[in-house]
Each structure stands twice: as C-alpha cells, then as structure tokens.
Amino acid sequence: MCALRLGVRFIDTDQVIAQESGASIAQLLEREGEAALRERERQLIERLSVEPCVVAVGGGLITMEPVRKLLRARGFVVGLDASVPVLLSRLAQSKEVRPLLLPDPSVTLPALLSRREAAYRDVDVRICVDDLSAEQAAERVCLLYRQEQPVLTMGEVCYSDSLPDAGLYGNRSIVLFDQVLATVGRGVLGPWLSRIPLRYEVAAGESLKELSGFSTHVEQILTLAQRAESPVEVVAIGGGSVGDFAGFFASVWKRGVPLVQIPSTWLSAIDSAHGGKNALNVGKIKNQIGTIVFAKQIHLCRELLFLQPKERAREALGELIKMAIIDGGAWTQELFSSTLSGSELLWRFLPDAVRAKYSVVRADPYEKLGLRHHLNLGHTIGHVLESVHQLPHGLAVAQGLHFALQVSRKRGFLAETDLRYLEAILSERFGLPDRKGQLPKIPQRRFLELLSQDKKRTSNAAIRFVVVEQLGQVRTVEISLAELCALAIEQGYVLTE
Ligand SMILES: NC(=O)c1ccc[n+]([C@@H]2O[C@H](COP(=O)([O-])OP(=O)(O)OC[C@H]3O[C@@H](n4cnc5c(N)ncnc54)[C@H](O)[C@@H]3O)[C@@H](O)[C@H]2O)c1
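Numbering (the numbering used here), first residue to last: 25 to 521.
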C-alpha cells in the first residue's frame, strides 16, 4: 500500500529470499539455522537497487546492526509496533509457521520483543499500529515520509474504487471541476458535486488554458474564495486541461497553495496529473508558460475513470505503451501478453505506468539533466499530427511512436528485430497500426514551422529527439530540423514543395 501510494517499487525481503532459494523462511530456518538466514538477508539488502522502493523486512533482519545502518543510510526506516495482545491475536489468525515463536507464542513473543527492543528503537520513526487499519497505517507512513523528503515523494498517489468523500472538501478547498462531469454517466456525479461547498465549474479544453481568459477565471475564483477558510488548497477534478489550468493557478495564487489532482481522463490519470508540470497556452501556441509544482495528492478513482466512453480508452493506449517502452520493467511483458482490454487493461496497468513515470521524474524533477526529456518519446511528430490533423493526443502519440521507432532504426540505434517486435506490439497486440499512409501529407513549410515552435528545439536548426535503443532503453539525440524533415518526407508524412 505504501509503495502504491508513493508510486515506487515494492520489495518483500522474505518473498525474494523464498523465491531465490526455493524454500520458505520457516524451512530455511530449520535447514540452515538463523545465522545463515540473516546472512542471506544481509546480502539481499546490500544488493538492493538504488531505485526508489519500499522494502518490507522481517523483524529479525533489523536486529543486525550493519544492516540497520545501511538501511538508515540509504532510506527512511519506519518501525511498525503493536502491543503483545494485538500481535498474539493476529498470530492466532495467521496460518504462517513462525519457528522462533514455538512452542508457545504467549511466552516466547514477549521475551523475543524485549531482546530486540534496543534494535527496534534504532529506526527513524516508530508508529503503533494497534488501532490502525492497514490503509490508515500506510497513510501515516507516507505522511511521515513526505515530511521527511518532500521533494523526492512528489505527492501521494491514492488508488480507490470510488471518489473521496465529498465531505472532505469543506471550506478550505476550492474545487475546480470539468462541467461535463455533472452530466456523464446519466449524472451519477451530480449529487457528489453538489455536496462540495466551494466549487467552480469550467469548460474543459484548450480554451480553458488560454492566457487571455486566465484573469477572468482568477477574478471569479477569488470571489468564490472569499468564503474560504485559510489555509486554502486547490482541488482539480477533470482531464489534463483542467489539471494544467488548476495547477498553474494553484502555483501562483498567494504565491503557491497546495494542489490535489483527481484526474477524470485516462490521459491525465496515466500522465498529466503526475510530475508537477502545468501550462497555459499563449495565442495558438500550446503550453508556452507554466511552472513545475508537485501536487500534494493524486486520487486515481476507478468510478470516475470508467465513466469515459470506450474510444477514450483506446486513445490512451499510446501513452501507456510509451511508458512501457521507456521503462521496460517486468510489467511490460505482462502488459504485452495481457488478455484484458479497454478500461480494464488501463486500470490494471495504471500503477505500473505511474510508477514508471515517477521513476523518470524523480531522477530529474525540474528537467535539469535531460532525463525527464525521455518522456517526450513519440511526441515530436505526435504534436505536429495532433495540431494539423486534429488527432486525439493518444493516437497522435501512438503514430509518433511508429515514427520514432523508424528514426531509431534508420539512425542505427535500434536493431531490425527489435523494430519488428515493437511495431508488432503496437499494431497487432494493441490495434494501433502505422497509419501514416492514410493521413494527408503535411506541406513541408507548415511542418518546419510547427517543429520550430517545439519546446524541444535546441537552436534554430536542431531539435532534441528521443530514440529507442531497445525495450527499456531510450536516449535523447540532437537532430537537425532539415534531417528530421527529410526523414518525415521519406516516411510519407510530409509533402515536398
Ligand atoms: N501537464 C502535463 O504534464 C501534461 C501532459 C500531457 C498533456 N497535458 C495537457 O492535457 C490536455 C489534454 O488532456 P485530456 O485529454 O485529459 O484533456 P481534457 O481535459 O480537455 O479532456 C478531454 C475531454 O474529455 C472530457 N472528459 C473529462 N473527463 C471525462 C469523463 N470522466 N468522462 C467523459 N468525458 C470526460 C472533457 O470534458 C473533454 O471534453 C492538453 O491540454 C495537454 O496539453 C499536460
């Protein structure tokens, strides 16, 4: 639960040891003894990845001083305490054999705890979980971690079947919501929305993000905010346009107030609600001004996301596959071979895609190292297709992935077999074939004009372009506009003049 909320990988040391040795912890204790088991655990902790993750360790492992030191040096160590009666009642409900507590846990457990007390005290923080559900304990751990490392966690990601209780959004929350949500699904959200006292309805879309309309919105929101208690927070409920608008507003209102995101489209749930970026459009040029400020919480609610029409799920696949190609973790194979489809597929793999996005963002939160730029895979020509052919964003990205794969092969970064494999995943597995032949060709001058407005342009004559080396390995290269245009002509996207 903590790993899901923080959007990082989860490692259970007992599970890993059992998997690697082919025996349960109880069998290993019996066969090899406690010292040998502790040695296995120590080796595992030493080789743990440096990637952000939540690690669950057994109570014995933490008693080893070198391991404890290592864990504290690398991370934030939380001890979960419970009283002896609570532990005994939980043990009675569990079928797991605990050899160290035999023969009678009511005698052995208190003795074991008192032997280990000094070690259990030597952690960053201890919390008593006697009266907490697992969900509440996870919430408290994440809160403590966030206070400890506010920049690294970048907001808590919460997954739930239904929307958070509307009662939570009292007079401290200014809720900006997409007006469409009052009517979708035969108005199921109407009663929920009407329980929110300080709500501001917006029409989603690019015009909402238009700088010229921003001051009118701000004046109306400030009038509403006169009824708000201090301190205030902004809650955005809607797709990427509402998230971008609300994120920008929250980041500049009173020099910055906390933001909560409740994405209502797949695109925003997979991508735009995470990572702190927001933007407004200036004239016809998209995303020209914006800030990077991380939301305090992102709620991903099945009920809300499943209200979207089926077609939106297909469109969102482009972003999901992009994340899979960038990340390449074990989940990508599961995704590629999954028999699920549509919204069920997206919901199943949402935590993996979100985790993958955070692992890129965390490595370069403010886009200083160029790593975050990898998230633009498929977007260079994708944005051009979106604006010229009015393609939905996800479909434009999927087409942009085809182009990026071809460029990667052409430039010698991607092997022919990998090209064929990834093309087949896009076309056959996900029904997103290369449709460049069906799109009207873009006049060369228009193509170059759009490319030169791209934020990824490095100089007048070049652009940063993300190429694929293999599944899970991408890199940014600089390509001159002339070369990119020549590649687009060769691929059949652009008409020479
Ligand atoms: N900040 C970022 O990191 C980032 C990343 C990618 C895209 N974006 C931005 O996101 C925007 C596109 O996102 P989007 O497609 O979510 O846009 P959107 O907010 O315009 O929503 C698309 C449409 O879906 C409707 N809608 C929203 N929720 C619905 C629901 N549950 N059921 C039915 N209809 C619903 C909206 O009313 C709208 O008509 C663009 O402005 C883009 O620039 C931002």
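We put the beta carbon where it would ideally sit given N, CA and C, even for glycine.
{"query": "Any chance the CB of D185 is under 8 angstroms from a heavy atom of ligand 1?", "result": "no"}
{"query": "Quick check on D202: buried or exposed, where buried means 16 or more other Cβ atoms within 10 Å of its Cβ?", "result": "buried"}
{"query": "In whole angstroms, what is the alpha-carbon distance linking D458 and Q423?", "result": "6 angstroms"}
{"query": "By the 10 Å Cβ neighbour count, where 16 or more other Cβ atoms means buried, how is T356 classified, buried or exposed?", "result": "buried"}
{"query": "Under a three-way DSSP split, which group does D36 fall into?", "result": "strand"}
{"query": "Considering just the uninterrupted stretch of the beta strand (DSSP E) at V147, what are its terminal residues?", "result": "First-last for V147: undefined, no H or E at that position."}
{"query": "So, with DSSP's three-state summary, where would you put K93?", "result": "helix"}
{"query": "Do V256 and I198 have their CB atoms nearer than 9 angstroms?", "result": "yes"}
{"query": "For the beta strand (DSSP E) containing F330, list its first residue and its last residue.", "result": "Taken as a continuous stretch (DSSP letters only), F330 belongs to no beta strand (DSSP E), as it is neither H nor E."}
{"query": "With a threshold of 8 angstroms, are at least 3 pairs of Cβ atoms found where one atom belongs to the region 405 to 423 and the other to the region 337 to 345?", "result": "yes"}
{"query": "Does DSSP put P287 in a helix, in a strand, or in coil?", "result": "strand"}
{"query": "Run through DSSP, which three-state label would F471 get?", "result": "helix"}
{"query": "For L522, which option in L304, G267, A106 has the closest C-alpha, if you only look at C-alpha atoms?", "result": "What is shown of the chain runs 25 to 521, which leaves residue 522 out entirely."}
{"query": "If you draw a straight line from the alpha carbon of E335 to that of T289, how long is it in whole angstroms?", "result": "12 angstroms"}
{"query": "Buried or exposed: R55, going by 16 or more other Cβ atoms within 10 Å of its Cβ?", "result": "exposed"}
{"query": "Rounded to whole angstroms, what's the CA-CA distance from S138 to D155? Just pull it up for me.", "result": "22 angstroms"}
{"query": "What are the partner residues of G54, as DSSP defines its beta bridges?", "result": "Checking the sequence, you will find Glu at residue 54 rather than Gly. Answer by DSSP bridge pairing: none, since E54 is not bridged."}
{"query": "Are A260 and V284 closer than 9 angstroms when you measure CB to CB?", "result": "yes"}
{"query": "Any heavy atom of ligand 1 closer than 8 angstroms to the beta-carbon of T289?", "result": "yes"}
{"query": "Report yes if the C-beta of Q477 is less than 8 angstroms from at least one heavy atom of ligand 1; otherwise report no.", "result": "no"}
{"query": "Whole angstroms is fine: what's the gap from A377's alpha carbon to G366's?", "result": "15 angstroms"}
{"query": "What did DSSP end up calling F489 once you bin it into helix, strand or coil?", "result": "strand"}
{"query": "Which class does V518 belong to by DSSP, given the choice of helix, strand or coil?", "result": "strand"}
{"query": "When the Cα atoms are used, what is the spatial distance from R379 to G31?", "result": "5 angstroms"}
{"query": "Quick one: what's V102 bridged to in DSSP?", "result": "V149"}
{"query": "Is it true that the region 509 to 519 meets the region 463 to 477, where meeting means three or more beta-carbon pairs spaced less than 8 angstroms apart?", "result": "yes"}
{"query": "Among residues of its own chain, excluding the 5 on either side of E225, which ones have a beta-carbon nearer than 7 angstroms to its beta-carbon?", "result": "F201, Q203"}
{"query": "Distance, Cα to Cα, G179 vs Y169?", "result": "11 angstroms"}
{"query": "Output the distance between the C-alpha atoms of S107 and A116, rounded to the nearest integer angstrom.", "result": "14 angstroms"}
{"query": "Between the Cα of S239 and those of W371, R98, F269, spot the shortest distance and give me the residue it belongs to.", "result": "F269"}
{"query": "With H, G and I counted as helix, E and B as strand and the rest as coil, what does DSSP make of N195?", "result": "coil"}
{"query": "Between L124 and E58, is the Cβ-Cβ spacing less than 9 angstroms?", "result": "yes"}
{"query": "Below 6 angstroms CB to CB, which residues in the same chain sit around Q43 once its five sequence neighbours on both sides are set aside?", "result": "none"}
{"query": "Under the rule that 16 or more other beta-carbon atoms within 10 Å means buried, what is P333, buried or exposed?", "result": "exposed"}
{"query": "Identify every run of the beta strand (DSSP E) within the region 193 to 230, keeping only runs that are complete inside it and at least 3 residues long; order them along the chain.", "result": "197 to 202, 223 to 226"}
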